[in-house]
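K.L.:
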Amino acid sequence: MTVLAKNVAADLANASWVRRMFEAGIQLKAKYGAENVYDFSLGNPDLPAPAAVGEGLRAFAEHAGEPFAFGYMPNGGFPWLREKLAAHLSGEQGVKLGAEDVILTCGAAGGLNAFLRAVLDPGEKVLTFAPYFVEYGFYVSNHGGELVAVPSRPENFAPDLAALERAIDEKTRVVLINSPHNPTGAVYSRADLQALAALLENKSQQYGRPIWLVADEPYRFLAYDGAEVPSVLPLYPYAVAVSSLSKNMSLPGERVGWIALSPQMPEKAELMAALTFTNRILGFVNPPVVGQHIMGAALGSAVDREVYAARRAAMAEVLTRAGYEFVMPRGAFYFFPKAPGGDDVAFVNRLMEERVLAVPGSGFGWPGHIRLAFCVDESVIRNAEEGFARAAAAVREGAADAGAKA
Ligand code: PLP
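Encoded structure:
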């Protein structure tokens, strides 16, 4: 008997690659022991949260017995925290933000859903650059929209603005970008963001209504070698930044994040009223009380970035020695090398024989590559080297054999 909505049944049948690898990992770990499986499949930060998180939690615990300590609150979050967040983001984003320009959400995912619910009419398009975080497709379809993937520039995964320009039409409502980027580690340059803002100004005029620019930036804290992560808020009046504490404080299970609006936006009060409403009617109501207290205590602190930097260097060494081709990530905690042999799904299966777990680029709308998340100890990266090398060599020998027979 069919009990599900058709689109949910279809999406379930095509369960995401990340999930599939996660499940394969559980089986491999049960069979060989967790220490013998090299799991690069999940972007689940393994570093301990900064000390300020525990301190904030303990301080809040002192008040947990007070009336309404866990009570309902305004749907946009604690007003005192919005003030504090606005002051913090004013520094980070380089624009003067007030409490009325920011709203607290259930993670970046909750923020993106609240935003899309507020602005999308059925059938309208959200454009994003492929490869892309696969959940975007579900978030957009949640609200009756259509996600359209525009290719990035393959040499460095920078946004291909000419391709974007060709893809924009009268149904385009939102351009959604992500920098530092999952799965490629690209960090968009100031010049590209300025050119993107200029393009959207033009296209908004041409179609007689604003096209929103949404920057999904949970990895903003993690750019390497001093790479700049420019903010879009000063560049374009219809810009919105969405982020969370999931990655910078290793708190993805606590579900706290935010949306910040460009203070130059003429209709920002109207949009903020809508976001407060959509946060409520999507059933989020407000972000968790405990997470908000943690945010209040810990804003500005972050996990030890040096650990990620050292792992990135280790991964680059291991992959280079094993003969993989990749663009060095400039941010976030992912590598996105070419799949030796070209078939990403076949290669991920071959890696699994070496007990190395990766995710095929097909799962991010970009076949021919694999994603490796380095939220694992450096020893896991080092110990996986032989498996990486053997799998790549096997594919190369297979290709040479096939060539010799042809
Ligand atoms: N956006 C990107 C690009 C991500 O990689 C993730 C999580 O992996 C999210 C959004 C969702 O983050 P949150 O836990 O804040 O909802």
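The sequence shown: position 201 = 200 (numbering that gives the first Met the number 0), numbered continuously. All residues carry an ideal CB built from backbone N, CA and C; glycine is no exception.
Once the 5 residues before and after Y206 are set aside, which same chain residues still bring their CB inside 7 Å of it?
P.N.:
Here the set comprises E169.
K.L.:
For the ligand PLP, enumerate in chain order all residues having a CB closer than 6 Å to any of its heavy atoms.
P.N.:
The filter returns G42, G106, A107, A108, F132, N177, N181, D215, P217, S243, S245, P251 and G256, in chain order.
K.L.:
Report buried or exposed for L198, applying the criterion of at least 16 other Cβ atoms within 10 angstroms of its Cβ.
P.N.:
Classification of L198: buried, given that the 10 Å Cβ count is 16 or more.
K.L.:
To which residues of the same chain is A68 closer than 6 Å at the C-beta, ignoring the five residues directly before and after it?
P.N.:
Here the set comprises H62.
K.L.:
At what residues does the alpha helix (DSSP H) containing I25 begin and finish?
P.N.:
Unbroken alpha helix (DSSP H) run through I25: W16 to Y31.
K.L.:
Quick one: what does DSSP say A383 is sitting in, helix, strand or coil?
P.N.:
Note: A383 maps to coil in three-state DSSP.
K.L.:
With 8 Å set as the bound, which would you pick, yes or no: does the beta-carbon of A338 sit closer than that to a beta-carbon of chain C?
P.N.:
Absent from the structure: chain C. Only one protein chain is present.
K.L.:
Using DSSP with H/G/I as helix, E/B as strand and the rest coil, what is T275?
P.N.:
Helix at T275.
K.L.:
Cutting at 8 Å between CB atoms, please list the residues of its own chain near G256, excluding the five before and the five after it.
P.N.:
Contacts found: L103, T104, C105, G106, A107, A108, G109, G110, P217, V241, S242, S243, L244, S245 and P286.
K.L.:
Since A357 is in the alpha helix (DSSP H), which residue starts that stretch and which ends it?
P.N.:
Note, A357: premise wrong, no alpha helix (DSSP H); not H, not E.
K.L.:
Among P179, L41, G397 and A331, whose alpha-carbon lies nearest the alpha-carbon of A214?
P.N.:
Of the candidates P179, L41, G397 and A331, the one whose C-alpha sits nearest the C-alpha of A214 is P179.
K.L.:
DSSP puts S151 in a beta bridge; with which residues?
P.N.:
Answer is P158, bridged to S151.
K.L.:
Write down every uninterrupted run of the beta strand (DSSP E) in the region 72-145 whose length is 3 residues or greater and which is fully enclosed by it, in chain order.
P.N.:
Qualifying beta strand (DSSP E) stretches, in chain order: 101-104 and 124-129.
K.L.:
By Cβ distance, which residues of its chain are closer than 7 Å to A315, with the 5 residues on each side in sequence left out?
P.N.:
Closer than 7 Å at Cβ, skipping near neighbours: M327.
K.L.:
Can you tell me whether M0 is buried or exposed, with buried defined as 16 or more other CB within 10 angstroms of its CB?
P.N.:
It is exposed - the Cβ of M0 has fewer than 16 other Cβ atoms within 10 Å.
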